[in-house]
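Read through the structure below, which is laid out as structure tokens, and then see the notes.
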Amino acid sequence: MLGSADIKVRPLKLGLMVDPNSALQVREAIRLACTQWGGMFFPIIPVHKRMPASWREGPLKVPPAHDVVKGYLDGFDPDILVQFGRDLPKYVLDSKLKVIKPEDFWRSGRDKEANDPAYGIGVLDVLLDIFREHFKFKAKYPLKAIVPVIPKDSLQNPVQLLSP
């Protein structure tokens, strides 16, 4: 053997760009993040046109909205931006990050399954790999796994699951 290589992978980090006044966009961003490996680390970035009044209550001067959004992009350092609103401001597009729409996130076509994401690794793929690895054979000391059961009537309207 001539040498060795250590390979480390990390999940793709998506920046979820939402209008902070739209609960629907925030909910859709949370749903999309829940379907991805590492989705709990995806930043949901509010794209303010101007800063909210609550930011003006303190003694410090309120920064412009574009500086705050650029600061979020710089701090979270996403690989791809997912645009949930109609359009993104020019200063976001100038960041040279790839921008996709949520509907472009899922694969479609003859050879691809509709539930496979076009970007990143889906949580179902991760869970299937864990299942194949740890539940392949009957264990002498079996692991206990809890599988949640979702009531059938809630599947007709999945919005009910997230509503308070």
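Residue numbers for the sequence shown follow this note's numbering, so the first one is 185 and each next one is one higher. C-beta: ideal position from N, C-alpha, C; glycine also.
Between Val266 and Leu200, the CB-CB gap stays under 8 angstroms.
Assignment of Trp239 by DSSP, reduced to helix, strand and coil, places it in the helix class.
Rounded to the nearest whole angstrom, the CA to CA distance from Ala249 to Tyr256 is 11 angstroms. The Cβ neighbour count for Leu198, taken over all protein chains shown within 10 Å, is at least 16; the residue is labelled buried.
At a Cβ-Cβ threshold of 8 angstroms, Val210 and Val231 do not count as neighbours. Taking 8 angstroms as the cut-off, the Cβ atoms of Gly304 and Pro227 do not count as close. Taking a C-beta distance under 8 angstroms as the contact criterion, Trp221 and Val307 qualify as a contact pair. Rounded to whole angstroms, the Cβ separation of Leu312 and His318 is 11 angstroms, and the two are not in contact under 8 angstroms.
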